[in-house]
Amino acid sequence: MTELKTSAEIGGMGHSVKRKEDPRFIRGRGNYVDDVVRPGMLYMAIVRSPYAHAKILSINSEKALAHPGVAAVITGETLKEYNLHWMPTLMSDTQMVLPIDKVMYQAQEVAAVIATSRYAAADGVELVEVEYEPLEVVIDPFKALEPGAPVLRTDKEGQKDNRIFHWEAGDKAATDKAFKDADVTISQDIYIPRIHVASIETCGIVAEFDSVEGQLTLWMTSQAPHAHRTVFAMVAGHVGLSEEKIRIISPDIGGGFGGKVPIYPGYVIAIAATVVTGSPIKWVEHRRENLQADSFGRDYHMHAELAADKDGTMKALRIKTIADHGYTDAATQPSKWPAGLFAIATGSYPFEAAFCEVDGVYTNKPPGGIAYRCSFRVTEAVHAIERLVDILADDLGMDPAELRMKNFIPPEAFPYKSVLGLEYDSGNYAGALKLAMEKIGYQDLLKEQKEKRERGELMGIGISSFTEVVGAGPSKDFDILGLKMFDSAEIRIHPTGKVLVRIGVQSQGQGHETTFGQIVAEELGIPVSDIKVEHGDTDTAPYGLGTYASRSTPVAGAATAMASRKIRDKAKKIAAYLLEVSEDDLDWEPGKFFVKGVPDKAKTIQEIAFAAYTNHPQGMEAGLEAVSYYDPPNMTFPFGSYICVVDIDSGTGQVKIRRFMAVDDCGNIINPMIVEGQIHGGLTMGMAPALMEEISYDEEGNIYGGSFMEYLMPTAMETPNWETAKTCTPSPHHPIGAKGVGESATVGAPPAIVNAVVDALSHLGVRHLEIPLTPEKVWRAINGL
Amino acid sequence: MIPGTFEYHKPSTLDEAVALLASLGDDAKVLSGGQSLIPMMKFRLAEPANLVDINGLEGLDYIREADGYLTIGALTREAELDRSDLIKSKYPIIHDTAHVIADPQVRNLATIGGNLAHGDPANDHPATMVALGAEVVVFGPNGSRTIGIDDFFLGPLATALKANEILTEIRIPVPPANSGGAYIKFERKVGDFAIAAVAATVTLDGSGKCVKAGIGLTNVGPTPVRAKAAEEALIGNPLTDDNIATAGRLASEASQPVGDQRGSEEYKRAVVEVLTKRALHKAKARAEGGK
Ligand SMILES: Cc1cc2nc3c(=O)[nH]c(=O)nc-3n(C[C@H](O)[C@H](O)[C@H](O)COP(=O)(O)OP(=O)(O)OC[C@H]3O[C@@H](n4cnc5c(N)ncnc54)[C@H](O)[C@@H]3O)c2cc1C
Numbered sequence: 016m017t018e019l020k021t022s023a024e025i026g027g028m029g030h031s032v033k034r035k036e037d038p039r040f041i042r043g044r045g046n047y048v049d050d051v052v053r054p055g056m057l058y059m060a061i062v063r064s065p066y067a068h069a070k071i072l073s074i075n076s077e078k079a080l081a082h083p084g085v086a087a088v089i090t091g092e093t094l095k096e097y098n099l100h101w102m103p104t105l106m107s108d109t110q111m112v113l114p115i116d117k118v119m120y121q122a123q124e125v126a127a128v129i130a131t132s133r134y135a136a137a138d139g140v141e142l143v144e145v146e147y148e149p150l151e152v153v154i155d156p157f158k159a160l161e162p163g164a165p166v167l168r169t170d171k172e173g174q175k176d177n178r179i180f181h182w183e184a185g186d187k188a189a190t191d192k193a194f195k196d197a198d199v200t201i202s203q204d205i206y207i208p209r210i211h212v213a214s215i216e217t218c219g220i221v222a223e224f225d226s227v228e229g230q231l232t233l234w235m236t237s238q239a240p241h242a243h244r245t246v247f248a249m250v251a252g253h254v255g256l257s258e259e260k261i262r263i264i265s266p267d268i269g270g271g272f273g274g275k276v277p278i279y280p281g282y283v284i285a286i287a288a289t290v291v292t293g294s295p296i297k298w299v300e301h302r303r304e305n306l307q308a309d310s311f312g313r314d315y316h317m318h319a320e321l322a323a324d325k326d327g328t329m330k331a332l333r334i335k336t337i338a339d340h341g342y343t344d345a346a347t348q349p350s351k352w353p354a355g356l357f358a359i360a361t362g363s364y365p366f367e368a369a370f371c372e373v374d375g376v377y378t379n380k381p382p383g384g385i386a387y388r389c390s391f392r393v394t395e396a397v398h399a400i401e402r403l404v405d406i407l408a409d410d411l412g413m414d415p416a417e418l419r420m421k422n423f424i425p426p427e428a429f430p431y432k433s434v435l436g437l438e439y440d441s442g443n444y445a446g447a448l449k450l451a452m453e454k455i456g457y458q459d460l461l462k463e464q465k466e467k468r469e470r471g472e473l474m475g476i477g478i479s480s481f482t483e484v485v486g487a488g489p490s491k492d493f494d495i496l497g498l499k500m501f502d503s504a505e506i507r508i509h510p511t512g513k514v515l516v517r518i519g520v521q522s523q524g525q526g527h528e529t530t531f532g533q534i535v536a537e538e539l540g541i542p543v544s545d546i547k548v549e550h551g552d553t554d555t556a557p558y559g560l561g562t563y564a565s566r567s568t569p570v571a572g573a574a575t576a577m578a579s580r581k582i583r584d585k586a587k588k589i590a591a592y593l594l595e596v597s598e599d600d601l602d603w604e605p606g607k608f609f610v611k612g613v614p615d616k617a618k619t620i621q622e623i624a625f626a627a628y629t630n631h632p633q634g635m636e637a638g639l640e641a642v643s644y645y646d647p648p649n650m651t652f653p654f655g656s657y658i659c660v661v662d663i664d665s666g667t668g669q670v671k672i673r674r675f676m677a678v679d680d681c682g683n684i685i686n687p688m689i690v691e692g693q694i695h696g697g698l699t700m701g702m703a704p705a706l707m708e709e710i711s712y713d714e715e716g717n718i719y720g721g722s723f724m725e726y727l728m729p730t731a732m733e734t735p736n737w738e739t740a741k742t743c744t745p746s747p748h749h750p751i752g753a754k755g756v757g758e759s760a761t762v763g764a765p766p767a768i769v770n771a772v773v774d775a776l777s778h779l780g781v782r783h784l785e786i787p788l789t790p791e792k793v794w795r796a797i798n799g800l
Numbered sequence: 004m005i006p007g008t009f010e011y012h013k014p015s016t017l018d019e020a021v022a023l024l025a026s027l028g029d030d031a032k033v034l035s036g037g038q039s040l041i042p043m044m045k046f047r048l049a050e051p052a053n054l055v056d057i058n059g060l061e062g063l064d065y066i067r068e069a070d071g072y073l074t075i076g077a078l079t080r081e082a083e084l085d086r087s088d089l090i091k092s093k094y095p096i097i098h099d100t101a102h103v104i105a106d107p108q109v110r111n112l113a114t115i116g117g118n119l120a121h122g123d124p125a126n127d128h129p130a131t132m133v134a135l136g137a138e139v140v141v142f143g144p145n146g147s148r149t150i151g152i153d154d155f156f157l158g159p160l161a162t163a164l165k166a167n168e169i170l171t172e173i174r175i176p177v178p179p180a181n182s183g184g185a186y187i188k189f190e191r192k193v194g195d196f197a198i199a200a201v202a203a204t205v206t207l208d209g210s211g212k213c214v215k216a217g218i219g220l221t222n223v224g225p226t227p228v229r230a231k232a233a234e235e236a237l238i239g240n241p242l243t244d245d246n247i248a249t250a251g252r253l254a255s256e257a258s259q260p261v262g263d264q265r266g267s268e269e270y271k272r273a274v275v276e277v278l279t280k281r282a283l284h285k286a287k288a289r290a291e292g293g294k
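Sequence lines, in order, name chains H and C. All the letters of the first sequence, read from the start, carry residue numbers 16 to 800 under the working numbering. All the letters of the second sequence, read from the start, carry residue numbers 4 to 294 under the working numbering.
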């Protein structure tokens, strides 16, 4: 457990301090983008394509413009005048803002109507007449790669097929040899379907251009306001936008999960519209637009293989993946590897050889490919390895827990360099699994299952012992269009000892206003109630790369600790001066410096703060402030072991999660209550795609799952009672030993659930099932259909 | 998700409401709970030029027994059915039904009249009313008329209601002694329409033989489906596991599902069979005095 070094009143690391942001949310005083109202504001609504692939023959805005309240219709031609009809994606691909001649996916933006009310704008959308000529649609990424498939990106010079990239890691020859020499090999095709983050708050923007000052102010649902500001300045510099005159305010955000990292065409159109009309413009997506057109997660078709000895020792891993990125590579992952951190696929096991390859493919679907709480393809990789381990256990007739225990990387092997090139910082995998087994009563469950099976009842137990990788990232490996992935904190101690902390990351519900205060409280002994944390306004907060991929604590959290330590260093000098001793004679305890051996001779941090402005040593600058930009030396590797127990209704195929024990290890914990909340939410968001959520398309590219009628988000009624426990293995390279926890549960939960369901049906010969495990899929498996 | 333009009318008497409907013609829609109509308008799947809000009409909100009938006023909310002691104790099948409709927020507004008048075979009350042999009372320019439930549903979103008529009451014959009923719905998640659902009612004689049976199926046909052959197979026979299994099979044969995101035709038929059996077992247990 995280050691408590401060009193509850100070509320440093390890205290379940109540969330400072909650009173305003509970009282309805949150301030979201849609709450922003500006004088003379106009509303924008978007015309979207009914076709997945079509030529645009004409766009006629006449009727829309004649409708009362409609002020303007913006098309690709309008934007072309400013050369703003295309934009780069964060993966250095290109994307249409509004099309000139072709649409590439259903629900793509085709034109925008600007009007005096939302109603008039929506009416206007119906009145814009667009003539299309349908083109051949490419939906299946395997067909997209076949010779003769229509080349979709005719706009890209030199693009002769639909392949975006080929990435590989590991030693192919050594892996192939290990497979040849192995006693046992298994292989499994695994598809991780497209899903959507479906945040409670959809995306939106209020864009206001002051043509006199040349100032552009954007209230925007942005997980990365600073990076977005720079991108806007780089992309629209030629029309006079200059970075010091762009201010992005990312106010309260109702959930991000990666879906608010990309720059969507709607934002750019709204910016163009405020410049063109001279009025502030508000655009807030409807739920259906959000589900149909915004960035998705997953869509990985994997062929996964594992080689092992007869006794269960795992030897080699091989995974070949087709990654469906849709119309353009607009994934929002800043690593130098196009498949992100998929190299975590060797999981919690010390393979001797491994080889992974991923081919990115264009299809006529919306672009994206990272969003939804997955730290850059870790969810897919973990699903593959944790399924393979269970299949191997089944083939060898071994208990899946025993097989994992036999293979885990041992605690003394850390830091551990994996064959795919990652250096795991710390771990105790057996410890986590052992605790999970104890807590859930694993042996009793096995007995119960045996009895139930004899009575013909279907019960399953599934394990997942995942390793996560978060905290992007070291500047040598991570950037967004060149911007390195450091993060920042700026701390000001006021004369009365109260504190303003400004951080480069941005909260979408994670509780930064509380937890970052706790880091400062831990380091300086100032009560967390005296610390105000601000973020999300590019005019005031220090530069940072944003909150996603569980990176806030690993990166900005480290910066906050480092800035606090700079302040403590200066405070020590002041204390020595005030106490008339040398710095070496001082000891620190949270909240004060005292003379070694004479605890009464002390100066509190508040007294020191006052002195910093009133009575500081000569030659020292006044004030007590610090800034830190933290470039992490490595990523952090949270881990855990989950055990899931399911009961299955053999008549309908319905899966019921009866119990779910989650043991997580995210290193040192800042606020146990908030971590618990992250895990509960993450488990639910892991269960969702395992059992319910999917976005799919028919052959014409029509979307299924484009509204909440079909996109099945679980509610409290579908959610089981999560049981949680923790182990604590601090990160050795992180200033406060923390690792990040936002995505662990989303990554770890799905394979535990699938393993449990497959286990329940294993005596019927079932060896694998694809997610989501809909009742019909399970019913078919039970009935051998 | 933003509706088109419409005129809003709020009559205060039934006569006024019917007169309004008559004068506005096909361009008008009755608004009761709004939980089906408003979503359709927000998607612009329905764009009525006029809404006639009947929530101001008095005396359409009641649940009572009189003259051998349970009568329910059309404006009775699902939440009231869910809470009613009379319904819970004597008509648990209706409680089963109301309880699985949507979620508490929707149930606070949605009305039983709207649920039937909407004519959606995915709605839950229609099959229950088929199993209960209900009648529907409607009021139009020429006064009231009563429509048997088997004549009420004509097709998807089509009923025997005329554009100038308002559904005012649902009438259910008070079941004889030794009767029981149950509604079992299988849904993908709470608040979703059924993959399939089955309403079953049975009446037993002193020897345990089934003398009356009603079976209605939800969301497996263009209208709620009465599983007639299954009912007939039960009548005159004891409700043994075998007989119930036969009824399950016949109900499955009577269903007319089409494959969609909720499941294939084959799967839905299998679900109908399983649910019919479960609903009949539960109805039987209730007829015998159980819960
Ligand atoms: C999220 C959600 C989930 C839902 N899930 C379910 C479910 O699981 N099961 C289920 O059965 N239903 C479900 N519903 C539908 C809900 O029960 C509806 O409210 C109901 O079907 C219609 O009742 P209403 O009073 O809201 O009617 P309204 O929406 O007001 O009207 C529906 C239609 O009936 C007509 N109408 C209404 N009342 C009368 C009347 N007295 N006379 C003549 N015509 C009339 C209207 O003109 C309109 O065409 C759901 C709705 C929502 C929003």
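Ideal Cβ positions, reconstructed from N, Cα and C, are used throughout, including at glycine.
- With respect to the C-alpha of H:Leu-306, the residue from H:Asp-502, H:Ile-718, H:Ile-61 and H:His-631 having the closest C-alpha is H:Ile-718.
- DSSP places H:His-748 in the coil class of the three-state scheme, outside both helix and strand.
- Taken through DSSP and simplified to helix, strand or coil, H:Ala-87 comes out as strand.
- Measuring C-alpha to C-alpha distances from H:Ser-479 to each of H:Asp-679, H:Glu-183, H:Val-516 and H:Phe-652 identifies H:Asp-679 as the nearest.
- Within the same chain, Met-59, Ile-220, Ala-222, Ile-296 and Trp-298 come within 7 Å of H:Ala-285 by CB-CB distance, once the 5 residues on both sides are set aside.
- Here H:Lys-117 is buried: its Cβ has 16 or more other Cβ atoms, across all protein chains shown, within 10 Å.
- Residues of chain H with a Cβ closer than 7 Å to the Cβ of C:Tyr-270 are, in chain order, Glu-791 and Trp-794.
- Relative to ligand 1, the beta carbon of C:Phe-9 is positioned no closer than 7 Å to any heavy atom.
- Residue contact check for H:Ala-764 against chain C: no CB pair falls below 8 Å.
- Distances between the C-beta of C:Phe-196 and the heavy atoms of ligand 1 include at least one below 7 Å.
- Residue burial annotation: C:Ala-113 is buried, with at least 16 other C-beta atoms found within 10 angstroms of its C-beta.
- Relative to C:Leu-40, the option among C:Gln-264, C:His-121, C:Leu-170 and C:Leu-220 whose CA is nearest is C:His-121.
- Look at C:Ala-82: its beta carbon is at least 7 Å from all of the heavy atoms in ligand 1.
- Taking the CA atoms as reference points, H:Thr-742 sits about 53 Å from C:Asp-123.
- Taking 7 Å as the cut-off, one finds at least one heavy atom of ligand 1 near enough to the beta carbon of C:Asn-126.
- H:Gly-327 and H:Pro-430 have their C-alpha atoms spaced approximately 24 Å apart.
- By alpha-carbon distance to H:Ala-590, the top candidate from H:Gly-29, H:Ser-490 and H:Lys-616 is H:Lys-616.
- Counting C-beta pairs closer than 8 Å gives fewer than three between the stretch 543-557 of chain H and the stretch 663-683 of chain H, which falls short of the contact rule.
- According to DSSP, residue pairing for H:Gln-203 in a beta bridge involves H:Ala-319.
- Judged by DSSP secondary structure, H:Asp-196 falls within the alpha helix (DSSP H) whose first and last residues are 187-196.
- Among the residues of chain C, those whose CB is under 7 Å from the CB of H:Thr-667 are Phe-189, Val-274 and Val-277, following chain order.
- In this chain, the alpha helix (DSSP H) harbouring H:Gln-458 covers 457-469.
- Not a single CB atom of chain H sits nearer than 8 Å to the CB of C:Ser-210.
- The three-state secondary structure of H:Leu-306, taken from DSSP, is helix.
- In this structure H:Asp-774 does not touch H:Gly-488 by the C-beta definition: roughly 36 Å separates them, more than the 8 Å allowed.
- For the options C:Ile-187, C:Gly-211, C:Glu-268 and C:Gly-76, the alpha carbon positioned closest to that of C:Thr-243 is the one of C:Gly-211.
- Of H:Ala-130, H:Thr-131, H:Ala-239 and H:Met-111, the smallest CA-CA separation from H:Gln-123 is found for H:Met-111.
- Taking H:Leu-167 as the centre and dropping the five residues before and after it, the same chain places the C-beta of His-68, Met-119, Val-153, Ala-159, Asn-177, Tyr-342, Tyr-377, Thr-378 and Asn-379 closer than 8 Å to its C-beta, in chain order.
- C:Pro-107: not part of any beta strand (DSSP E); member of the alpha helix (DSSP H) spanning 107-112, first to last residue.
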